[in-house]
Amino acid sequence: DCNYKCLKKMTYSTDPNEAFKDCDLIIFLGGSPRLPGMERSDLLKANGDIYKVQGIALKNAKPNVKCLVIGNPCNTNCKILYDNAKSVLPNIPKENFTCLTRLDQNRTEGLYKSLKGKEINGIIIGNHSSSMFVDNVNGEDFDDDFVKRIQNRGTEILNVKKMSSTFSAAKAISDHVKDWFYGSDKLCSTGVIVEDNNLNIKKGLCVSFPVKFKG
Numbered sequence: 525d526c527n528y529k530c531l532k533k534m535t536y537s538t539d540p541n542e543a544f545k546d547c548d549l550i551i552f553l554g555g556s557p558r559l560p561g562m563e564r565s566d567l568l569k570a571n572g573d574i575y576k577v578q579g580i581a582l583k584n585a586k587p588n589v590k591c592l593v594i595g596n597p598c599n600t601n602c603k604i605l606y607d608n609a610k611s612v613l614p615n616i617p618k619e620n621f622t623c624l625t626r627l628d629q630n631r632t633e634g635l636y637k638s639l640k641g642k643e644i645n646g647i648i649i650g651n652h653s654s655s656m657f658v659d660n661v662n663g664e665d666f667d668d669d670f671v672k673r674i675q676n677r678g679t680e681i682l683n684v685k686k687m688s689s690t691f692s693a694a695k696a697i698s699d700h701v702k703d704w705f706y707g708s709d710k711l712c713s714t715g716v717i718v719e720d721n722n723l724n725i726k727k728g729l730c731v732s733f734p735v736k737f738k739g
């Protein structure tokens with residue numbers, strides 16, 4: 525329907541071993557949806573098993589495949605995916621696994637502009653959850669009400685729509701993938717696998733940090 529100029533072919537499969545064959549990029553949208561009254565953590569049991577299977581199936585993808593996890597809780601699912609991928613692809617770089625926190629960054633920047641009428645570079649640190657830390661590269665502190673609204677924006681949308689956001693998530697995915705492949709001078713909120721013990725974060729966790737992509 526959209527007549528995408530770069531789209532040459534589409535294939536369909538319910539088998540990740542078939543679907544992942546020779547992929548350069550995999551966007552992991554799948555998982556049980558978040559419903560009204562649910563926190564992202566409530567999805568962990570249902571979606572954790574999905575990412576175990578998909579992590580092992582990455583053996584069929586390109587050796588340097590990039591993986592972006594959207595399904596919630598995305599930071600935990602990204603860790604599960606990476607841990608299982610390492611069991612079949614021991615040399616795959618941790619940098620090839622990210623989870624989406626760009627949606628929260630876009631929400632921060634969009635809401636601030638609508639309230640204050642000026643641009644900022646917002647960043648998200650921590651989990652993709654109500655405990656995330658919302659900061660401003662420009663140096664101006666956010667008030668508590670603003671931060672809480674960003675932390676709970678997903679719940680706000682669920683209460684209004686009775687379903688998760690779709691178009692805003694799609695825009696954030698597009699922004700993330702574009703910067704990841706082509707690079708960006710802007711700090712981009714990104715969930716990454718932590719290996720540096722100097723950060724006082726347990727090794728192997730997936731946590732959002734402000735990242736600059738080299739492309």
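Residue numbers (this note's numbering): 525 to 739.
C-beta: ideal position from N, C-alpha, C; glycine also.
Who are residue i's beta bridge partners in DSSP?
i    : result
G646 : N660
K590 : L549
T622 : L592, V716
P734 : S713
For residue i, which of the options has the nearest alpha-carbon?
i    : options                : result
N608 : G728, K637, S638       : G728
K590 : L605, D665, V671       : L605
K583 : R631, D573, T622, P540 : P540
N645 : S653, T632, D546       : T632
K636 : N676, H652, D667       : A small fix is needed here, since residue 636 is Tyr in this sequence, not Lys. Answer by Cα proximity: D667.
S654 : V731, R677, F733, G634 : R677
S709 : K640, V735, K686, S638 : In the sequence as presented, Ser is not what sits at residue 709; that position holds Asp. The shortest Cα separation from D709 among K640, V735, K686, S638 belongs to V735.
Do residue j and residue i come within 7 Å of each other at the CB atom, strictly closer than that value?
i    : j    : result
G715 : G739 : no
I647 : L592 : no
L568 : P597 : yes
V661 : V671 : no
S713 : Q629 : yes
G650 : M656 : yes
N601 : N571 : yes
K618 : I717 : yes
K586 : D548 : yes
I574 : V612 : no
Original post:
So, do the stretch 696-706 and the stretch 619-630 have three or more beta carbon pairs nearer to each other than 8 Å?
Top reply: yes
Original post:
At which residue ranges does the stretch 650-708 contain complete alpha helix (DSSP H) runs of 4 or more residues, listed in the order of the chain?
Top reply: 668-675, 677-685, 691-706
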